[in-house]
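*Asks:* If you use this note's numbering, the sequence shown corresponds to residues 1 to 512, in order.
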Amino acid sequence: MKYSHFFKYSLAIFFGLLLYACKDSDSPTGSFDILITNGTIIDGTGSKEFSGDVLIRADTIAFIGDVDLKKVEVDHIINAKGKIITPGFIDAHAHGDPVANADFQNFRDMGVTTIALGQDGFSYASENLSPWMTQIDSTGLGVNVITFVGHSTLRELSGTNYSVQPTEEQLASMQEILRQSMKRGAFGLSTGLEYTPGYYAEAEEMEALAKVVGDNGGIIMSHMRNEDDDQIENSINELLLQGSYAPVHISHFKVVYGKGQERAKQLLSILDSARRAGLNVTADVYPYTASYTGIGIVFPDWAKAPNDFGKIKATRREELEDFLRKRIMKRNGPDATLFGDGAWRGMTLTQVSDSLKMPFEKVLIDVIGPEGGSGAYFVMNEELQTVLIQDSLVCVSSDGSPTMHHPRGYGSFAKIIRLYVNETKSLELTDAIRKMTSLPATIIGLKKRGEVKVGSKADLLVFDPLKIKDNATYEEPHQYADGFEYVIINGHITKSPDAIVTERYGLFIRKE
Ligand SMILES: [Zn+2]
């Protein structure tokens with residue numbers, strides 16, 4: 001008996017020593033660029049937070065765990081005491097010109113380290129994206145950028161334009177440009193079926209393009225044909241048809257003038273049953289109840305290009321006035337339309353109508369016109385949108401840009417934390433972080449980003465979630481967010497409390 005006790009005891013010591021030895025040999029040695037220490041890590045997967053240090057070497061996360069300062073040499077130490085360390089945020093649907101506005105400080109200051117451009121059917125119009133990508137590589141980017149290929153752009157490049165049906169040759173040309181663009185690094189197709197010329201496309205064309213996307217491992221990001229409450233099921237079903245060939249994604253999921261939690265649940269259940277049937281369908285949502293787009297959104301298709309608006313004004317005036325009156329009233333009335341550019345910037349349609357002493361439908365026809373400006377439209381319902389945001393396969397986007405007159409381009413990601421996590425508590429912090437990091441990375445097919453993980457690219461944030469503040473408002477939309485203390489992109493500190501960084505460390509990321 002004694003012998004066996006002794007044996008067990010020795011065995012325990014032996015394994016104890018072995019464990020200690022392993023732990024010891026695991027602790028890193030050598031030189032690194034950045035150490036983030038004393039912080040709490042939220043890794044982006046939705047798992048519970050844990051404490052640990054992060055070591056970065058070049059552009060990569062080299063180690064996560066306990067770091068013995070005596071054993072490493074580091075160029076830069078970030079003390080993250082009382083703060084969290086998360087992956088940089090990934091914006092699944094963004095806008096902006098990577099040549100004219102390459103700094104993208106609006107995105108960086110709300111914690112975004114990668115944005116997805118080429119949305120809503122419109123992308124850089126060239127059959128060969130490579131020279132454009134190379135030009136952007138050389139001028140640099142404030143955040144990482146990826147692109148989709150726009151369906152309307154394909155229609156333009158192939159000469160299909162406003163035709164309902166492309167010729168066989170035009171369809172083949174769209175497929176070929178899409179295939180080549182994806183080979184050169186685009187992540188898939190974006191559609192904007194609510195906008196012309198994409199609007200004219202029928203199912204056959206969309207499925208032919210979806211096949212190319214699926215064959216090349218991409219995804220279809222869709223601004224659906226119609227987001228109105230009485231049309232959205234049809235729009236979702238139209239997208240799901242393409243889902244037989246490729247993963248499909250609803251961009252800026254919303255229900256225009258729909259209301260209530262139940263309505264959101266009904267729509268989410270359509271997506272759930274599609275998933276049970278084997279389709280890969282996801283969505284993104286931005287946290288505001290006003291949309292933003294060209295004023296053309298309220299005009300009927302028969303009054304927009306390629307139809308001649310001047311002629312329509314002369315020949316179908318009464319019909320057009322009637323259409324606009326009803327459409328605006330359905331979209332919560334003229335108070336709910338706020339102009340974002342041009343001479344009427346900052347005024348609602350009611351205010352413009354009052355100041356000109358003209359009925360609002362006449363203002364739209366005679367003063368503004370279908371191409372006469374853009375605006376914010378207060379057409380969404382907070383309760384409904386919150387249920388959409390909470391769904392486990394819905395990620396966050398901004399749908400914003402550096403220049404757009406809407407707060408979402410400067411506030412979205414900060415607002416998710418400030419409002420949904422801190423104030424209303426409708427999202428857990430770890431869940432909110434997942435929706436802004438690993439979930440969009442997985443949806444888009446972006447490799448090695450969106451997680452705090454050894455071997456991943458070092459796109460990281462250090463911040464105190466209670467100090468996050470979105471400052472952008474509808475009146476003053478171009479206000480940077482506060483609270484993201486450190487923003488690290490590709491292993492470089494690009495925002496820090498100690499210094500103003502003007503170098504651009506973002507990359508044009510090509511699909512592998
Ligand atoms: Zn859109």
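Cβ atoms here follow ideal geometry from the backbone N, Cα and C, with glycine treated the same way. Predicted model, so just to flag it, every value in this text is computed and none were measured.
Are there any heavy atoms of ligand 1 lying less than 8 Å away from the beta-carbon of D399, as far as the coordinates show?
*Replies:* Against the sequence shown, residue 399 aligns to sequence position 399. Yes - ligand 1 has a heavy atom lying nearer than 8 Å to the Cβ of D399.
*Asks:* Is it the case that the region 106 to 124 contacts the region 489 to 501, given that we only count it when at least three CB pairs across the two stretches are under 8 Å?
*Replies:* yes
*Asks:* Considering only residues of the same chain and omitting the five flanking positions on each side of Q105, which have a CB-CB separation below 7 Å?
*Replies:* Your numbering for residue 105 matches position 105 in the sequence shown. If we look at Q105 and ignore the five residues flanking it on each side, its Cβ neighbours are G142, Y480.
*Asks:* Are S251 and S138 closer than 9 Å when you measure CB to CB?
*Replies:* Against the sequence shown, residue 251 aligns to sequence position 251. Against the sequence shown, residue 138 aligns to sequence position 138. No.
*Asks:* Could you give the distance in angstroms between the alpha-carbon of P334 and the alpha-carbon of S235?
*Replies:* For the purposes of this step, residue 334 is identified with residue 334 of the sequence shown, where counting begins at 1. For the purposes of this step, residue 235 is identified with residue 235 of the sequence shown, where counting begins at 1. Rounded to whole angstroms, P334 to S235 spans 26 Å at the Cα level.
*Asks:* Under a three-way DSSP split, which group does M133 fall into?
*Replies:* As a first step, residue 133 is located in the sequence shown; it is residue number 133 there, counting from the start. The answer is helix: DSSP assigns M133 an H, G or I state.
*Asks:* In whole angstroms, what is the alpha-carbon distance linking F512 and R317?
*Replies:* By 1-based counting over the sequence shown, the position of residue 512 is 512. By 1-based counting over the sequence shown, the position of residue 317 is 317. With the sequence shown as reference, residue 512 is identified as Glu, and Phe is not the correct amino acid for it. The alpha-carbon atoms of E512 and R317 are separated by roughly 53 Å.
*Asks:* Alpha carbon to alpha carbon, how far is Q390 from L384? Give it in angstroms, no decimals.
*Replies:* For this step, residue 384 is matched to residue 384 along the sequence shown. For this step, residue 390 is matched to residue 390 along the sequence shown. Approximately 10 Å between the Cα atoms of the pair.
*Asks:* According to DSSP, simplified to helix, strand and coil, what is S291?
*Replies:* Within the sequence shown, numbered from 1, the residue matching residue 291 stands at position 291. Three-state result, S291: strand.
*Asks:* Given this structure, state the Cα-to-Cα distance separating E485 from D464, to the nearest angstrom.
*Replies:* Counted from its first residue, the sequence shown places residue 485 at position 485. Counted from its first residue, the sequence shown places residue 464 at position 464. Taking the straight line joining both Cα atoms gives about 8 Å.
*Asks:* Going by DSSP, name the residue or residues bridged to T114.
*Replies:* As a working mapping, residue 114 is identified with position 114 in the sequence shown. Beta bridge pairing from DSSP links T114 with I90, N144.
*Asks:* Looking at the structure shown, is Y420 part of a helix, part of a strand, or coil, going by DSSP?
*Replies:* Looking up residue 420 in the sequence shown gives position 420. The answer is helix: DSSP assigns Y420 an H, G or I state.
*Asks:* Would you call D97 buried or exposed, if buried means 16 or more other Cβ atoms sit within 10 Å of its Cβ?
*Replies:* Position 97 of the sequence shown, counting from 1, holds the residue named residue 97. Exposed, because fewer than 16 other Cβ atoms sit within 10 Å of the Cβ of D97.
*Asks:* To the nearest angstrom, report how far apart S51 and T45 are at their CA atoms.
*Replies:* Here the question's residue 51 lines up with position 51 in the sequence shown. Here the question's residue 45 lines up with position 45 in the sequence shown. Between S51 and T45, the C-alpha separation is close to 15 Å.
*Asks:* For my contact list, E205 and Y245 are in at a C-beta cut-off of 8 Å; report their separation, rounded to the angstrom.
*Replies:* Counting from one through the sequence shown, the residue named residue 205 turns up at place 205. Counting from one through the sequence shown, the residue named residue 245 turns up at place 245. About 13 Å separates the two Cβ atoms, so there is no contact after all.
*Asks:* The alpha helix (DSSP H) that contains L171, what's its start and end?
*Replies:* Working through the sequence shown from its first residue, we reach residue 171 at position 171. Per DSSP, L171 belongs to the alpha helix (DSSP H) from 168 to 183.
*Asks:* Under the assumption that P440 contacts I90 (Cβ atoms under 8 Å), give the Cβ distance between them as a whole number of angstroms.
*Replies:* Taking the first residue of the sequence shown as 1, we reach residue 440 at position 440. Taking the first residue of the sequence shown as 1, we reach residue 90 at position 90. Contact flag correct, Cβ pair sits at about 4 Å.
*Asks:* State the Cα-Cα distance for the pair T403 and H478, rounded to the nearest angstrom.
*Replies:* In the sequence shown, the residue the question calls residue 403 occupies position 403. In the sequence shown, the residue the question calls residue 478 occupies position 478. The alpha-carbon separation between T403 and H478 amounts to approximately 8 Å.
*Asks:* Can you check DSSP and say which residues form a bridge with L461?
*Replies:* The residue you call residue 461 lines up with position 461 of the sequence shown. The partner list for L461 (beta bridge, DSSP) reads T86, V487.
*Asks:* Kindly provide the chain-ordered list of residues whose Cβ lies closer than 5 Å to any non-hydrogen atom of ligand 3.
*Replies:* As for ligand 3, it is missing from this structure, which binds only ligand 1.
*Asks:* Using a Cβ-Cβ cut-off of 7 Å (strictly less than) and excluding sequence neighbours within five positions of D43, which residues of its own chain qualify?
*Replies:* For the purposes of this step, residue 43 is identified with residue 43 of the sequence shown, where counting begins at 1. Here the set comprises E451, V452, K453.
*Asks:* Does the beta-carbon of N79 have 16 or more other beta-carbons within 10 angstroms, so that it is buried, or is it exposed?
*Replies:* In the sequence shown, the residue the question calls residue 79 occupies position 79. Flag for N79 reads exposed.
*Asks:* For A499 and Q266, what's the separation of their Cα atoms in angstroms?
*Replies:* The residue you call residue 499 lines up with position 499 of the sequence shown. The residue you call residue 266 lines up with position 266 of the sequence shown. Cα to Cα, A499 sits roughly 49 Å from Q266.
*Asks:* Please determine if the region 291 to 299 and the region 416 to 429 are in contact, where contact requires at least 3 C-beta pairs separated by less than 8 Å.
*Replies:* no
*Asks:* Taking DSSP's pairing of strands, which residues face A201 in a bridge?
*Replies:* Along the sequence shown, one-based indexing puts residue 201 at 201. A201 is not bridged to any residue.
*Asks:* For the beta strand (DSSP E) holding M329, just list the boundary residues, first then last.
*Replies:* In the sequence shown, counting from the first residue as 1, residue 329 sits at position 329. No beta strand (DSSP E) contains M329, which is instead part of the alpha helix (DSSP H) from 317 to 330.
*Asks:* Should N144 go down as buried or exposed, given a rule of 16 or more other Cβ atoms within 10 Å for buried?
*Replies:* Translated into the one-based positions of the sequence shown, residue 144 becomes position 144. So N144 ends up on the buried side.
*Asks:* Around the C-beta of M436, are 16 or more other C-beta atoms found within 10 angstroms, so that it is buried, or is it exposed?
*Replies:* Indexing the sequence shown from 1 puts residue 436 at position 436. Buried, because 16 or more other Cβ atoms sit within 10 Å of the Cβ of M436.
*Asks:* What do you get for K2, buried or exposed, if any count of 16 or more other CB atoms within 10 angstroms of its CB means buried?
*Replies:* Indexing the sequence shown from 1 puts residue 2 at position 2. With a pLDDT of 47 at K2, under the threshold of 50, the predicted position of this residue should be treated as unreliable, though the coordinate-derived value follows. By the 10 Å Cβ count, K2 comes out exposed.
*Asks:* Classify T502: buried if its beta carbon has 16 or more other beta carbons within 10 angstroms, exposed otherwise.
*Replies:* If you number the sequence shown from 1, residue 502 lands on position 502. Burial call: exposed.
*Asks:* Between the alpha carbons of V248 and S291, how many angstroms are there, rounded?
*Replies:* Working through the sequence shown from its first residue, we reach residue 248 at position 248. Working through the sequence shown from its first residue, we reach residue 291 at position 291. Straight-line Cα distance between these residues: approximately 22 Å.
*Asks:* So if DSSP puts T515 in a beta bridge, which residue, or which two residues, is it bridged to?
*Replies:* Residue 515 lies beyond the residue range present for the chain, which begins at 1 and ends at 512; the question has no answer from this structure.
*Asks:* Does the separation of the CB atoms of Q242 and S190 fall below 9 Å?
*Replies:* Translated into positions along the sequence shown, residue 242 becomes position 242. Translated into positions along the sequence shown, residue 190 becomes position 190. Pairing Q242 with S190 gives a Cβ-Cβ distance that is not under 9 Å.
*Asks:* Suppose you measure from the CA of I374 to the CA of T315; what does that come to, to the nearest Å?
*Replies:* Looking up residue 374 in the sequence shown gives position 374. Looking up residue 315 in the sequence shown gives position 315. Here residue 374 is Ser; the residue named in the question, Ile, does not match the sequence. Those two C-alpha atoms are separated by around 26 Å.
*Asks:* Decide if the region 213 to 224 is in contact with the region 345 to 362; the criterion is three or more beta carbon pairs, one per stretch, under 8 Å apart.
*Replies:* Touching, no, given that fewer than three Cβ pairs across the two stretches are closer than 8 Å.
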